[in-house]
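Asks: Taken in order, the sequence shown gives residues 1 to 121; the numbers are from the UniProt record's numbering.
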Amino acid sequence: MKLKNSIKTAFRNLSRRKMRTFLTSFAVSIGAMLIILMVSLGVGVQKIIEDNLKARASANVIDVTPYKTEQDGVKLEVNKEGENSSEQSKLKPKILDKNALNKIKELKEVKDISVYTYIPS
Numbered sequence: 001m002k003l004k005n006s007i008k009t010a011f012r013n014l015s016r017r018k019m020r021t022f023l024t025s026f027a028v029s030i031g032a033m034l035i036i037l038m039v040s041l042g043v044g045v046q047k048i049i050e051d052n053l054k055a056r057a058s059a060n061v062i063d064v065t066p067y068k069t070e071q072d073g074v075k076l077e078v079n080k081e082g083e084n085s086s087e088q089s090k091l092k093p094k095i096l097d098k099n100a101l102n103k104i105k106e107l108k109e110v111k112d113i114s115v116y117t118y119i120p121s
């Protein structure tokens, strides 16, 4: 079969089975739109996450915790001398009340204070 005959046969079959042609075209267009939508959502969510991380990872922001903290998946604990201790510390966490927060806010180097509660899962 020549190319011309193949093209003629293809268009004849498309015109004979209009419903099948329509449904196939519709399914292909929906599939293409969904792929574009998923890629766009992925790029958008990635941008939002990067923007949030850049805002939080500022060199001007310091997190103050009672005595335990976690950095890059490593738990750090402060012992009585103020050094990092890898062993379980016997110190009880100190509560940062409003008076402590006000004292921190009154420091001239401090621009703003934001309080948040961390609840581990």
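We put the CB at the ideal spot given by N, CA and C, even for glycine.
For K105 versus D112, is the C-beta spacing smaller than 9 Å?
Replies: Taking 9 Å as the Cβ cut-off, K105 and D112 qualify as a contacting pair.
Asks: Would you mind giving the Cβ-Cβ distance between L34 and V64, rounded to the nearest angstrom? I have them listed as a contact below 8 Å.
Replies: At roughly 46 Å, the Cβ-Cβ gap does not stay under 8 Å, so L34 and V64 are not in contact.
Asks: Roughly how many angstroms separate the alpha carbons of M1 and V28, rounded to a whole number?
Replies: Approximately 28 Å between the Cα atoms of the pair.
Asks: State the DSSP-derived secondary structure class of G82, mapped to helix, strand or coil.
Replies: Note on G82: pLDDT 49, under 50, position unreliable in the model; no value is reported.
Asks: According to DSSP, is R17 helix, strand or coil?
Replies: Here R17 sits in coil by DSSP.
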